[in-house]
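Per this note's numbering, the sequence shown runs over residues 235 to 474. In what follows, a structure is listed as structure tokens, so that the remarks can point back to it.
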Amino acid sequence: MKPKIGVVVCGFIENKQFVTNAYIQSVRYSGGIPLILPLIRSDQVLKEYAALCDGFLFCGGNDITPLLFGQEPKKGNGQTNISLDLFQIRLMKEVLKTNKPVFSICRGMQVFNVACGGTIFQDISLQPGTHLDHMQQSDTRSEVSHKIHVRPGTQLKKYVGSLVYVNSYHHQTLDRIGKNLTVSAVATDQTVEAIELPSHPFAIGVQWHPECMYRTSSDMRELFGSFILCATHGGSVSAE
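Printed below as a string of structure tokens:
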């Protein structure tokens, strides 16, 4: 039976909750059944979501309310929605308890970090040092922007190797890394590009958008495929 993958709602457009189609299709073509999980203000519903699905995909979106990681707004902070932030952070904490596979993309990686007690640079201009332009201007979101280096001994390296070219659509970056998380990839400017929970069968966050590169990159298909395979086998997967 194909695994049920909870695709967590990305955000709101006026009074509508939405998920970008590329996430849904990447789950589908990797062999999972995508189930959209809308924002519901209920602890019981969070527990039912966690029990219902075999794996969870946290997607990209707007910025996270700075108060939720112990800061007040600084210059460069963008649009936020505290109801969505609280829902996603609480759901992340709930699903991490289950040991079920969790794949977090862009904002989703930042939610992952904050849920584990980490913090965020509200704008890359606040990150020490000089920086690449991480908000690419290209004709399509599938085009690559810069390279990342994946650290040895990480889960991510098993799936994509040591050097990967990725797209880039973010202005915020990770600062303090959350409890028990490890950095698994960085860009050449040392911006954190991926984190993971080593004790977990599959809990990986990436700062780029692999769903947009699914059709053009075998590495991104391998990453999604490994996520779905782990969900199929109840949280265990081996990678050569």
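In this text, a Cβ means the ideal position worked out from N, Cα and C, and glycines have one as well.
Hey, would you say S402 sits closer than 9 Å to V384, going by beta carbons?
Position 168 of the sequence shown, counted from the first residue, corresponds to residue 402. Position 150 of the sequence shown, counted from the first residue, corresponds to residue 384. No, the Cβ-Cβ distance between S402 and V384 is not below 9 Å.
Do F337 and L291 have their CB atoms nearer than 9 Å?
Within the sequence shown, the letter at position 103 stands for residue 337. Within the sequence shown, the letter at position 57 stands for residue 291. In contact: F337 and L291 (Cβ atoms closer than 9 Å).
Report the residue ranges of all alpha helix (DSSP H) runs contained in full by the segment 309–336; include only those spanning at least 4 residues, in chain order.
316–332
Beta-carbon proximity list for D297, same chain, < 7 Å, skipping 5 on both sides
Here residue 297 is taken as the residue at index 63 of the sequence shown, counted from 1. If we look at D297 and ignore the five residues flanking it on each side, its Cβ neighbours are N311, G312, Q313, T314, Q406.
Applying the 10 Å Cβ sphere with the 16-neighbour rule, what's the burial state of I239?
As a first step, residue 239 is located in the sequence shown; it is residue number 5 there, counting from the start. Buried: at least 16 other Cβ atoms inside 10 Å.
Enumerate in chain order the residues of its own chain whose CB-to-CB distance from V242 is below 7 Å, with the five nearest sequence positions on each side excluded.
In the sequence shown, the residue the question calls residue 242 occupies position 8. Cβ neighbours of V242 beyond the five flanking positions: L271, F290, L291, F292, C293, Q322, L325.
Roughly how many angstroms lie between the CA atoms of G412 and E430, to the nearest whole one?
As a working note, residue 412 is residue 178 in the sequence shown. As a working note, residue 430 is residue 196 in the sequence shown. Spanning the two alpha carbons is a distance of roughly 10 Å.
With respect to the beta strand (DSSP E) encompassing S402, which residues constitute its N-terminal and C-terminal limits?
By one-based count along the sequence shown, residue 402 stands at place 168. No beta strand (DSSP E) holds S402; DSSP gives it neither H nor E.
Residues near A236 in its chain [Cβ-Cβ closer than 7 Å; skip 5 each side]
Taking the sequence shown and counting its residues from 1, the one referred to as residue 236 is at position 2. As written in the sequence, residue 236 is Lys, which differs from the Ala given in the question. Around K236: G265, G266, I267.
For the alpha helix (DSSP H) that T466 lies in, which residues bound it at each end?
Stepping through the sequence shown from its first residue, residue 466 is reached at position 232. Run containing T466: 452–466, per the alpha helix (DSSP H) assignment.
So is G295 buried or exposed if we call it buried at 16+ other beta carbons inside 10 Å?
Translated into positions along the sequence shown, residue 295 becomes position 61. Under this definition G295 is a buried residue.
Where E445 sits in the DSSP three-state scheme:
Locating residue 445 in the sequence shown gives position 211, where the first residue counts as 1. Correct three-state label for E445: helix.
Straight-line gap, S472 to L366 (C-alpha atoms, nearest Å):
Along the sequence shown, read from residue 1 onward, the residue named residue 472 stands at position 238. Along the sequence shown, read from residue 1 onward, the residue named residue 366 stands at position 132. Per-residue confidence for S472 stands at a pLDDT of 45, beneath the threshold of 50, marking its modelled position as unreliable; no derived number is given.
Using 10 angstroms around the beta-carbon of S418, count the other beta-carbons present and answer buried if the total reaches 16, otherwise exposed.
Here residue 418 refers to the residue found at position 184 when the sequence shown is read from its first residue. Classification for S418: buried.
P268 - partner residues in DSSP beta bridges
Numbered from 1 along the sequence shown, position 34 holds the residue referred to as residue 268. I239, per the DSSP bridge assignment.
Given this structure, state the Cα-to-Cα distance separating E474 from K309, to the nearest angstrom.
For the purposes of this step, residue 474 is taken as residue 240 along the sequence shown, with counting starting at 1. For the purposes of this step, residue 309 is taken as residue 75 along the sequence shown, with counting starting at 1. Its pLDDT being 40, under 50, E474 is placed unreliably by the model, and nothing is read from it.
Could you compute how far the alpha carbon of Q356 sits from the alpha carbon of I316?
Walking along the sequence shown from the start, residue 356 turns up at place 122. Walking along the sequence shown from the start, residue 316 turns up at place 82. Each residue's alpha carbon lies about 15 Å from the other.
Close beta carbons around T450, own chain, < 6 Å, minus the five adjacent residues each side
For the purposes of this step, residue 450 is identified with residue 216 of the sequence shown, where counting begins at 1. The answer, listed in chain order, is S376.
Let me know if L318 comes out buried or exposed under the rule of 16 or more other beta-carbons within 10 Å of its beta-carbon.
Sequence index remark: in the sequence shown, residue 318 carries index 84 (1-based). Per the 10 Å Cβ criterion, buried.
Mapping the DSSP letters down to three states, classify I382 as helix, strand or coil.
Locating residue 382 in the sequence shown gives position 148, counting from the first residue. In this structure, I382 counts as strand in the three-state DSSP scheme.
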